[in-house]
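Some notes on the structure that comes next.
Numbering (the working numbering), first residue to last: 2 to 221.
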């Protein structure tokens with residue numbers, strides 16, 4: 002029964018992976034390399050008044066968070082910016098078209114820089130990493146448990162999995178360099194992540210994964 006269950010799960014994983022485009026996953030990881038926003042005042046932000054700098058920074062953080070953990074194209078995360086602008090303007094119209102155009106340009110600049118960073122790191126060696134899959138979470142009084150993985154994490158695990166150890170709930174992934182760094186940076190106590198590369202080791206990946214102890218990483 003356990004073998005059949007594992008086969009069914011892997012069939013579902015492969016079906017999910019077939020829907021994933023690898024390039025957006027790498028570009029999402031590259032978002033974390035962008036420098037912090039520096040706001041430059043201009044007439045195009047006049048409609049926001051004295052709150053212009055705050056609104057731009059809120060839009061930047063909203064877009065950065067959404068884009069870095071999404072499996073979709075960077076362009077598909079523009080609503081994270083527009084929702085901040087909509088909230089800032091409310092029902093006011095004065096200066097809104099100019100401000101919206103300025104935010105569109107800002108988002109385009111962020112996307113262009115993220116893709117430049119992805120290209121710069123495109124030749125870096127892939128990384129072998131281990132991930133402990135977090136258990137589904139259920140809040141009190143909720144009927145259904147929800148998946149704690151972001152769509153980006155789920156897509157990466159489905160796409161780059163090379164080994165799995167079901168008893169421990171861990172998987173090994175062979176990922177592009179930027180994705181490995183993003184996974185490690187986003188690791189938590191409920192989803193530990195660690196590099197599995199062992200110098201001069203002849204052990205197969207399955208053996209390395211079975212020997213991995215996430216709790217030892219936490220203690221270190």
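All residues carry an ideal CB built from backbone N, CA and C; glycine is no exception.
For clarity, every value in this text was computed on a predicted model and none was experimentally measured.
- Rounded to whole angstroms, the separation of the alpha carbons of residue 25 and residue 100 is 28 Å.
- Annotated three-state conformation of residue 94 is coil, per DSSP.
- When the Cα atoms are used, residue 31 and residue 82 turn out to be separated by approximately 18 Å.
- Annotated three-state conformation of residue 190 is coil, per DSSP.
- In this structure, residue 56 sits away from residue 66, with a CB-CB distance that is not shorter than 7 Å.
- Contact between residue 173 and residue 131 is confirmed by a C-beta separation of about 5 Å, below the 8 Å threshold.
- A straight-line Cα-Cα distance of about 11 Å links residue 158 and residue 21.
- Boundaries of the alpha helix (DSSP H) harbouring residue 55: 53-69, taken from the DSSP string.
- Here residue 170 is exposed, its C-beta having fewer than 16 other C-beta atoms within 10 Å.
- With contact defined as three or more Cβ pairs closer than 8 Å, the region 146-162 and the region 82-94 are not in contact.
- Going by C-alpha positions, residue 160 is about 12 Å away from residue 180.
- Between residue 40 and residue 54, the CB-CB gap stays under 7 Å.
- Leaving aside the five residues that flank residue 69 on each side, the residues in its chain whose CB is nearer than 8 Å to its CB run, in chain order, 29, 30, 32, 33, 153 and 183.
- Within the same chain, Cβ atoms closer than 8 Å to the Cβ of residue 43 are found at 103, the five residues on either side in sequence being excluded.
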